[in-house]
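J.:
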Amino acid sequence: MGRLYFVMFYAYILTLLSQEIPIAAYMLTSSQSIIDGKTLVSKGASFELGFFSPPSSKHRYFGIWYKPVSVQTVVWVANRDSPITDTSGALKIGSTGNIVVVNQNDSVVIWSSKSTSSNIAVENLIIELLDSGNLVLRDVRIEDPEKYLWQSFDYPGDTLLPGMKLGWKSKTGMNNYMQSWRNSDDPSLGDYTFGIELTEYPESVILTNKSIKYYRSGPWNGLQFSGAPDMSRNRVFHYELVHNPDEVYYIYKVTDPSVTLRVVLTQTSTEGHLQRFTWVNQTQSWLLLVSIPRDRCDDYALCGAYSTCEVMTEPVCQCLKGFKPKSPQDWNETDWSQGCKRETFLNCSQGEGFLKYTGVKLPDTTGTRVNRSMDLEECGVNCLKNCSCVAYSSSDISGSGSGCVMWFTDLIDIRQMDGAGEDLYIRMAASELGLGLLFLLMQLKLITPLHN
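When the letters of the sequence shown are read in order and numbered with mature numbering (1 follows the signal peptide of the UniProt record, and there is no 0), they come out as residues -18 to -1, 1 to 434.
#1: Given a threshold of 16 other Cβ atoms within 10 Å of its Cβ, counted over all protein chains shown, does Asp68 qualify as buried or as exposed?
#2: From what residue to what residue does the beta strand (DSSP E) around Asn85 run?
#3: Just the Cα atoms here: how many angstroms apart are Glu125 and Met388?
#4: May I ask which residues mark the beginning and end of the beta strand (DSSP E) holding Glu110?
#5: Just the Cα atoms here: how many angstroms apart are Pro201 and Gly401?
#6: Which parts of the region 256 to 324 are runs of the alpha helix (DSSP H), unbroken and 4 residues or longer, counting only runs that do not cross its ends?
#7: Roughly how far, in whole angstroms, is the beta-carbon of Asp405 from the beta-carbon of Lys306, given that I think they are within contact range, below 8 Å?
#8: Would you say Leu393 and Ala283 are within 8 Å of each other, going by their C-beta atoms?
#9: From Thr260 to Ala373, what does the alpha carbon distance come to, in whole angstroms?
#10: Tell me whether Ser134 sits in a helix, a strand or coil according to DSSP, three-state version.
#11: Taking the C-alpha atoms as reference points, what is the distance between Val59 and Phe44?
#12: When DSSP labels each residue in this structure, what does Ala412 get in the three-state scheme?
#13: For the candidate residues Thr98, Leu142, Leu143 and Phe135, whose alpha-carbon lies nearest to that of Asp121?
#14: By Cβ distance, which residues of its chain are closer than 6 Å to Gln224, with the 5 residues on each side in sequence left out?
#15: What does the alpha-carbon distance come out to for the pair Trp150 and Tyr159?
#16: Look up Cys386 in the DSSP assignment and give the residues it is bridged to.
#17: Would you kindly check if the distance between the Cβ of Leu111 and the Cβ of Gly133 is under 8 Å?
#18: Does the separation of the CB atoms of Gln398 and Thr290 fall below 8 Å?
#19: Go ahead and pull the three-state DSSP assignment for Glu404.
#20: Taking DSSP's pairing of strands, which residues face Gly335 in a bridge?
#21: Between Val218, Trp268, Cys330 and Leu205, which has its C-alpha nearest Gly381's C-alpha?
#22: Look up Pro201 in the DSSP assignment and give the residues it is bridged to.
#23: Go ahead and pull the three-state DSSP assignment for Val372.
#24: For a test of the three-state rule: what should DSSP assign to Leu119, helix, strand or coil?
#25: For Arg42, which residues in the same chain have their Cβ closer than 8 Å to its Cβ, ignoring the five residues on either side in sequence?
#26: Below 8 Å between beta carbons: does that hold for Thr242 and His220?
#27: Output the distance between the C-alpha atoms of Leu256 and Thr141, rounded to the nearest integer angstrom.
#28: Please report the straight-line C-alpha distance between Glu222 and Trp313, rounded to a whole angstrom.
#29: Nearest-angstrom Cα distance between Pro345 and Cys330?
#30: Can you say whether Pro138 is buried or exposed, counting buried as having 16 or more other CB atoms within 10 angstroms of its CB?
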């Protein structure tokens, strides 16, 4: 009898060992795959991944979408430029320790993540879909996010989810940016990108064809981007720009867990928009909260250099005080692209000073210098000492304000902000400030300056 019990126990153990080790339903081991028609759901049922087809397309893509939302809303796609023409696709862990999308007989690799450089055995790797919408490849024994071998959050698509970073990593040179779908039925790479422009004074930009500026948010001022008040903090979510020696990135977080929020870079046949949506349960639909660019004055450099754009005036473009159109004829024909030029040129002479503009979106930060330990008064003094400095402002307006930013190139893409914006101090000749005669008389010693 004892021998029989031993044989039965041994057979039971062999049966257990022959079965796959139990893994949570939101994970995938190296011996498993997801075929077309099957899905993986995150632990809290926030997101789901699998194969899908856009509304008017028969092509198949591997992607991630919201689970509780009744309208399928895809937030990330693996094989954007490599659609599958049938239902033979499968996702699994590849032999080199990466994630691959293949056809079901493994004869063709349709898409793959970057191979990992770790020495972790493939059998110890798992794929996991997190409740943030992040798809990660990691060692099954290690849950530390800093040790993920690969994650979809490092490769954004057209959607920015809470907790996803846009920006640069100095060690790797990696630049994370959004890129629009070609259209609502085609997730292939579109014409518009949105990311962080890496300057001494970072700002976010929408580019066309990855190189031509289409929209500029203005620099981060410690509270928000100076030209994007709609992207400031509120009780539901807040935005943040992190700038340190290791990385520069933009991120937003939702503080109310009952709110479903997404930021999407959309593209039509003629234009691109960065849009923020929230899901409304009552109507079972997405509500558009913000769309950028908002108006004509958000079009990059619409008015050219040394001019300001104000949407409520006609024409919307006006030369700054002390400046005049470079091409009066084009200007009168509403072609403002050449901008304005000084009526009195600077010569770094005594008496030059600054004219203060309030409530403006700060100019393009290309060619700026930043000193975060300097206050505004010191900033003005140092700008005046440098003949190449044409303007200055505070780099951080949070609290009582701090830091200094100085411009050394033409001032481009300024707009007047309604109830927002910052102070900008633009260098002017003495005569433009009404000080020309005063300084001339002082130099001729016809009058003398007062001293305490």
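Just so it is clear, CB atoms sit at the ideal spot from N, CA and C, and this is done for glycine as well.
What you are looking at is a predicted structure, and each value in this text was computed from that prediction instead of being measured.
T.: To lay it out plainly:
#1: Residue numbering aside, residue 68 sits at position 86 when the sequence shown is read from its first letter. With fewer than 16 other CB atoms across the displayed protein chains lying within 10 angstroms of its CB, Asp68 is exposed.
#2: Residue mapping note: residue 85 aligns to position 103 of the sequence shown, counting from 1. Asn85 -> beta strand (DSSP E) spans Ile81 to Asn85.
#3: Sequence index remark: in the sequence shown, residue 125 carries index 143 (1-based). Sequence index remark: in the sequence shown, residue 388 carries index 406 (1-based). Straight-line Cα distance between these residues: approximately 44 Å.
#4: Position 128 of the sequence shown, counting from 1, holds the residue named residue 110. Going by DSSP, Glu110 is part of the beta strand (DSSP E) stretching over Leu107 to Leu111.
#5: By one-based count along the sequence shown, residue 201 stands at place 219. By one-based count along the sequence shown, residue 401 stands at place 419. Distance between the alpha carbons of Pro201 and Gly401: 17 Å.
#6: Complete alpha helix (DSSP H) runs here, min 4: 310 to 314.
#7: The count along the sequence shown starts at 1 and reaches residue 405 at position 423. The count along the sequence shown starts at 1 and reaches residue 306 at position 324. Actually they do not touch by this definition, with Cβ atoms about 24 Å apart.
#8: Looking up residue 393 in the sequence shown gives position 411. Looking up residue 283 in the sequence shown gives position 301. Against a cut-off of 8 Å, the Cβ pair of Ala283 and Leu393 comes out as no contact.
#9: By one-based count along the sequence shown, residue 260 stands at place 278. By one-based count along the sequence shown, residue 373 stands at place 391. Answer to the nearest angstrom: the Cα atoms are 39 Å apart.
#10: As a working mapping, residue 134 is identified with position 152 in the sequence shown. In the structure shown, Ser134 falls within a helical segment according to DSSP collapsed to helix, strand and coil.
#11: Residue 59 sits at position 77 when you count from the first residue of the sequence shown. Residue 44 sits at position 62 when you count from the first residue of the sequence shown. Looking at the two C-alpha atoms, the distance is approximately 6 Å.
#12: Walking along the sequence shown from the start, residue 412 turns up at place 430. If DSSP states are grouped into helix, strand and coil, Ala412 belongs with the helices.
#13: Here residue 121 corresponds to residue number 139 of the sequence shown, with the count starting at 1. Distance check between Asp121 and each of Thr98, Leu142, Leu143 and Phe135 places Thr98 closest, using alpha-carbon atoms only.
#14: Working through the sequence shown from its first residue, we reach residue 224 at position 242. Just to set this straight, residue 224 is Val in the shown sequence, not Gln. Answer for Val224: Tyr231, listed in chain order.
#15: For the purposes of this step, residue 150 is taken as residue 168 along the sequence shown, with counting starting at 1. For the purposes of this step, residue 159 is taken as residue 177 along the sequence shown, with counting starting at 1. Our two residues, Trp150 and Tyr159, have alpha carbons roughly 9 Å apart in a direct line.
#16: Position 404 of the sequence shown, counted from the start, is the residue given in the question as residue 386. According to DSSP, which records beta bridges pairwise, Cys386 is partnered with Asn353.
#17: Here residue 133 is taken as the residue at index 151 of the sequence shown, counted from 1. Here residue 111 is taken as the residue at index 129 of the sequence shown, counted from 1. Per the sequence shown, the amino acid found at residue 133 is Gln instead of Gly. Judged by their CB atoms, Gln133 and Leu111 are not nearer to each other than the 8 Å cut-off.
#18: Stepping through the sequence shown from its first residue, residue 398 is reached at position 416. Stepping through the sequence shown from its first residue, residue 290 is reached at position 308. The answer is yes: Cβ separation under 8 Å.
#19: Counted from its first residue, the sequence shown places residue 404 at position 422. If DSSP states are grouped into helix, strand and coil, Glu404 belongs with the strands.
#20: For the purposes of this step, residue 335 is identified with residue 353 of the sequence shown, where counting begins at 1. BP columns for Gly335 point to Met410.
#21: Position 399 of the sequence shown, counted from the first residue, corresponds to residue 381. Comparing Cα-Cα distances from Gly381 to each of Val218, Trp268, Cys330 and Leu205, the minimum goes to Leu205.
#22: As a working note, residue 201 is residue 219 in the sequence shown. The secondary-structure analysis by DSSP pairs Pro201 across a beta bridge with Glu185.
#23: On the sequence shown, residue 372 is found 390 positions in, with the first residue counted as 1. In this structure, Val372 counts as coil in the three-state DSSP scheme.
#24: Working through the sequence shown from its first residue, we reach residue 119 at position 137. In this structure, DSSP gives Leu119 an extended state, which the three-state scheme calls strand.
#25: On the sequence shown, position 60 is the one that residue 42 refers to. For Arg42, where only same-chain residues beyond five positions count, the Cβ hits under 8 Å are Asp18, Phe33, Phe34, Ser35, Pro65, Ile66, Thr67, Asp68, Thr69 and Gly71.
#26: The sequence position of residue 242 within the sequence shown is 260, counting from 1. The sequence position of residue 220 within the sequence shown is 238, counting from 1. No, these two residues do not count as a Cβ contact at 8 Å.
#27: For the purposes of this step, residue 256 is identified with residue 274 of the sequence shown, where counting begins at 1. For the purposes of this step, residue 141 is identified with residue 159 of the sequence shown, where counting begins at 1. Spanning the two alpha carbons is a distance of roughly 10 Å.
#28: By one-based count along the sequence shown, residue 222 stands at place 240. By one-based count along the sequence shown, residue 313 stands at place 331. Approximately 39 Å, taken between the alpha carbons.
#29: Locating residue 345 in the sequence shown gives position 363, where the first residue counts as 1. Locating residue 330 in the sequence shown gives position 348, where the first residue counts as 1. Between Pro345 and Cys330, the C-alpha separation is close to 22 Å.
#30: Here residue 138 is taken as the residue at index 156 of the sequence shown, counted from 1. By the 10 Å Cβ count, Pro138 comes out buried.
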